[in-house]
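Numbering (the numbering used here), first residue to last: 414 to 494.
By construction, the Cβ of each residue, glycine as well, lies at the ideal position given by its N, Cα and C atoms.
Remember, predicted model here, so these are calculated numbers, not experimental data.
The structure appears right after this line, and notes come after that.
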Amino acid sequence: MITPKPLLSENVKDFMDYALDVIKSMDGAPEHSIEDQSIVNEKLAKLKEYLELVSISYHETVPKINAANELTDNFSGTGHS
414 MITPKPLLSE NVKDFMDYAL DVIKSMDGAP EHSIEDQSIV NEKLAKLKEY LELVSISYHE
474 TVPKINAANE LTDNFSGTGH S
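Put into structure tokens, the structure is as follows:
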């Protein structure tokens, strides 16, 4: 299971590693049994959840902008604060 990490790049790396695993599980799709299809569908659903974690990580990392377009958080410019 992928868990949110402090650095956005770590979250994206975990997502990409899992995405590659999902892609490999899709190989041979024309010959997939019902069980194979079920496994791939479960992995795809989990991949969607992991993408949501990446999205949350990104939105927690970027500086917040108020209505006057001023930064409201300190921004280190390094991808994390």
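Just measuring C-alpha positions, the residue of P443, D427 and H445 sitting nearest K461 is D427. In summary, N479 is exposed, with fewer than 16 beta-carbon neighbours lying within 10 Å of its beta-carbon over all protein chains present. Within the same chain, and ignoring the five residues on either side of D434 in sequence, the residues whose Cβ sits closer than 8 Å to its Cβ are K456. The straight-line gap separating the alpha-carbon atoms of T474 and E444 is approximately 43 Å.
Of the candidates L464, K477 and P476, L464 places its Cα closest to the Cα of N424.
S468 is classed as exposed because its beta carbon has fewer than 16 other beta carbons within 10 Å across all chains shown. K418 sits in coil when the DSSP states are folded into three classes, being neither helix nor strand.
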